[in-house]
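>
Protein chains in written order, with my numbering: chain A, 72 to 224; chain B, 5 to 284.
This is the structure:
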């Protein structure tokens with residue numbers, strides 16, 4: 072077991088972990104932040120996307136010990152402290168950017184990262200940025216509209 | 005927890021990493037960005053007693069110009085190459101290839117050395133390294149050596165690096181004078197591994213053409229490079245390539261389909277490289 076310490080959504084988290092525990096499992100099981108979803112667990116679906124020191128990454132492809140000392144933001148840390156929706160979350164709701172909601176945390180985190188880097192993306196850039204997240208319900212059109220709306224707000 | 009248990013090492017220097025690799029041999033595996041290795045561990049297609057994490061070694065990250073060479077350190081993130089003005093200027097083909105790799109979340113974590121050392125025959129960087137005539141710098145407890153990209157890739161997921169060696173840098177020669185560069189690929193979905201692709205580089209007196217996804221390593225066709233240098237039309241270069249390759253068949257595409265795709269991609273890449281070279 073290895074000692075691990077990191078900041079998750081502004082709170083310090085400490086644990087003794089098996090090296091093989093992924094960051095995703097650490098967030099869900101040890102931090103009890105179950106907003107980070109696990110779909111494929113091998114880097115394809117994007118449901119587990121979190122921000123690692125500000126960059127969107129797959130938390131299923133990172134061992135928690137590798138994030139020792141890092142600053143992690145999960146979907147729970149995207150909205151306001153009072154539970155207010157972020158502009159991205161609000162736009163997803165307005166534009167029917169979700170249906171069952173399983174993939175949504177990954178989309179919200181990825182889109183948040185996209186808009187920080189590129190606040191006014193073109194439709195092509197939006198579609199390219201969404202290509203790393205899979206959604207089985209919406210057909211993506213509502214998600215593209217949600218990103219356009221969030222970028223305009 | 006999906007991967008089998010392993011012992012985790014996070015060395016702070018290349019020397020420490022090499023000492024670990026020397027000690028554990030084929031029971032150890034360097035862990036770079038983990039975007040290919042961790043899925044293989046999760047699916048238990050691969051299993052190692054020791055993982056040597058390369059992400060805590062400042063000396064292993066970064067890009068610098070060394071006279072006529074662009075030196076990319078092994079653990080440099082792919083995302084860095086996508087944005088770095090020095091890379092765009094010194095090795096435009098490398099910059100152009102990067103957005104084709106996976107998705108931005110993958111490139112935030114994936115590294116240049118990891119992609120080269122993983123040596124997937126359908127990946128972009130190995131073909132770019134071969135087309136540009138890059139050298140790979142390998143370090144071990146016994147010292148450092150350089151291997152040409154041509155000799156480095158020996159088979160699917162197989163390279164000339166020994167178990168005790170670490171890929172510490174990729175050295176891309178800066179092509180000077182009027183140049184043309186192009187990379188083309190076809191994938192089922194954006195970010196998927198390519199069904200076929202080609203990296204093309206053209207300068208006065210020098211040409212490099214390397215295909216990916218059509219063999220067990222990047223495939224270079226010398227006769228096609230000669231034709232390209234001699235000013236042959238793009239279709240002719242493409243025909244020479246198609247005669248020389250024997251692409252694999254799998255669930256995604258037949259051999260004939262890959263060859264047809266390769267023919268079009270080579271013609272398009274050669275045309276673009278020639279136009280850019282002529283515009284100089």
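Ideal Cβ positions, reconstructed from N, Cα and C, are used throughout, including at glycine.
Out of 141(B), 192(B), 207(B) and 130(B), which one is the CA nearest neighbour of residue 215(B)?
Residue 215(B) sits at position 211 when you count from the first residue of the second chain. Checking every option, the nearest Cα to that of residue 215(B) belongs to 130(B).
> Would you say residue 50(B) lies against chain A (beta-carbon separation less than 7 Å)?
Here the question's residue 50(B) lines up with position 46 in the second chain. Not closer than 7 Å to any Cβ of chain A, the Cβ of residue 50(B) fails to qualify, so no.
> Quick one: Cα of residue 232(B) to Cα of residue 65(B), how far?
Position 228 of the second chain, counting from 1, holds the residue named residue 232(B). Position 61 of the second chain, counting from 1, holds the residue named residue 65(B). Near 36 Å, if we compare the C-alpha coordinates of residue 65(B) and residue 232(B).
> Quick check on residue 247(B): buried or exposed, where buried means 16 or more other Cβ atoms within 10 Å of its Cβ?
Within the second chain, residue 247(B) is the residue found at index 243, counting from 1. Residue 247(B) comes out exposed.
> Can you give me, in chain order, the residues of the segment 104-125 of chain A that have a beta carbon less than 7 Å from any beta carbon in chain B?
Listed in sequence order: 112, 113, 114, 117 and 120.
> From the DSSP output, read off the bridge partner residues of residue 110(B).
Mapped onto the second chain, residue 110(B) falls at position 106. Its beta-bridge partners do not exist; DSSP assigns none.
> For residue 143(B) and residue 224(B), what's the separation of their Cα atoms in angstroms?
Counted from its first residue, the second chain places residue 143(B) at position 139. Counted from its first residue, the second chain places residue 224(B) at position 220. Their backbone Cα atoms lie some 27 Å apart in a straight line.
> Any C-beta of chain A sitting closer than 7 Å to the C-beta of residue 61(B)?
As a working mapping, residue 61(B) is identified with position 57 in the second chain. No, because no Cβ of chain A sits closer than 7 Å to the Cβ of residue 61(B).
> Checking contacts by CB at 7 Å: is residue 193(A) closer than that to chain B?
Working through the first chain from its first residue, we reach residue 193(A) at position 122. Judged by the 7 Å Cβ criterion, residue 193(A) is not in contact with chain B.
> Can you tell me the Cα-Cα spacing of residue 124(B) and residue 21(B), whole angstroms?
By 1-based counting over the second chain, the position of residue 124(B) is 120. By 1-based counting over the second chain, the position of residue 21(B) is 17. Cα to Cα, the separation comes out at about 23 Å.
> In chain order, what residues of the same chain lie with their CB nearer than 8 Å to the CB of residue 73(B), ignoring the 5 residues before and after it?
The residue labelled residue 73(B) in the question sits at position 69 within the second chain. 175, 176, 177 and 178, listed in sequence order.
> Which stretch, first to last residue, makes up the alpha helix (DSSP H) that contains residue 212(A)?
In the first chain, residue 212(A) corresponds to position 141, counting from 1. Element bounds for residue 212(A): 212-223.
> Going by CA-CA distance only, name the one from 68(B), 126(B) and 105(B) that's closest to residue 93(B).
Counting from one through the second chain, the residue named residue 93(B) turns up at place 89. Of the listed residues, the one whose Cα sits closest to residue 93(B) is 68(B).
> Please state whether DSSP places residue 34(B) in a helix, a strand or coil.
The sequence position of residue 34(B) within the second chain is 30, counting from 1. Here residue 34(B) sits in strand by DSSP.
> Which value, in whole angstroms, describes the spacing of the CA atoms of residue 163(A) and residue 84(B)?
In the first chain, counting from the first residue as 1, residue 163(A) sits at position 92. In the second chain, counting from the first residue as 1, residue 84(B) sits at position 80. Each residue's alpha carbon lies about 30 Å from the other.
> Apply the 10 Å Cβ neighbour rule to residue 77(A) and answer buried if 16 or more other Cβ atoms are within range, or exposed otherwise.
Along the first chain, read from residue 1 onward, the residue named residue 77(A) stands at position 6. So residue 77(A) ends up on the buried side.
> How far does the alpha helix (DSSP H) with residue 165(A) in it reach, from first residue to last?
Stepping through the first chain from its first residue, residue 165(A) is reached at position 94. First-last of the alpha helix (DSSP H) with residue 165(A): 158-165.
> Any beta carbon of chain B sitting closer than 7 Å to that of residue 128(A)?
Locating residue 128(A) in the first chain gives position 57, where the first residue counts as 1. Interface residue, yes.
> To which residues does DSSP link residue 126(A) through a beta bridge?
Translated into the one-based positions of the first chain, residue 126(A) becomes position 55. Paired residues: 123(A).
> Starting from the beta carbon of residue 240(B), find every residue of chain A whose beta carbon is closer than 9 Å, and list them in chain order.
As a position in the second chain, residue 240(B) is number 236, starting the count at 1. The contacting residues do not exist; residue 240(B) stays about 34 Å from chain A at best.
> Quick check on residue 188(B): does DSSP put it in helix, strand or coil?
On the second chain, position 184 is the one that residue 188(B) refers to. Three-state result, residue 188(B): strand.
> Residue 81(B): which of 162(B), 266(B) and 109(B) sits nearest, CA to CA?
Here the question's residue 81(B) lines up with position 77 in the second chain. The shortest C-alpha separation from residue 81(B) is found at 109(B).
> If we ignore side chains and look at the alpha-carbon of each, how far apart do residue 142(A) and residue 182(A) end up?
Along the first chain, read from residue 1 onward, the residue named residue 142(A) stands at position 71. Along the first chain, read from residue 1 onward, the residue named residue 182(A) stands at position 111. Roughly 19 Å between the two C-alpha positions.
> Consult DSSP for residue 194(B) and reduce its assignment to one of helix, strand or coil.
Locating residue 194(B) in the second chain gives position 190, where the first residue counts as 1. Residue state, collapsed to three classes: coil.
> When we look at the beta-carbon of residue 217(A) and count the other beta-carbons within 10 Å, is it buried (16 or more) or exposed?
Here residue 217(A) corresponds to residue number 146 of the first chain, with the count starting at 1. Label assigned to residue 217(A): buried.
> In chain order, what are the residue ranges of uninterrupted beta strand (DSSP E) at least 3 long that sit wholly in the segment 190-253 of chain B?
Here the runs fully enclosed are 200-207 and 210-216.
> Report, in whole angstroms, the separation of the C-beta atoms of residue 46(B) and residue 113(A), which I expect to be a contact under 8 Å.
Along the second chain, one-based indexing puts residue 46(B) at 42. Along the first chain, one-based indexing puts residue 113(A) at 42. Contact holds; Cβ gap of about 5 Å.
> Could you tell me if residue 88(B) is buried or exposed, where buried requires 16 or more neighbouring beta carbons within 10 angstroms of its beta carbon?
Within the second chain, numbered from 1, the residue matching residue 88(B) stands at position 84. Residue 88(B) comes out buried.
> Going by DSSP, what residues sit across from residue 77(A) in a beta bridge?
Numbered from 1 along the first chain, position 6 holds the residue referred to as residue 77(A). Paired residue(s): 84(A).
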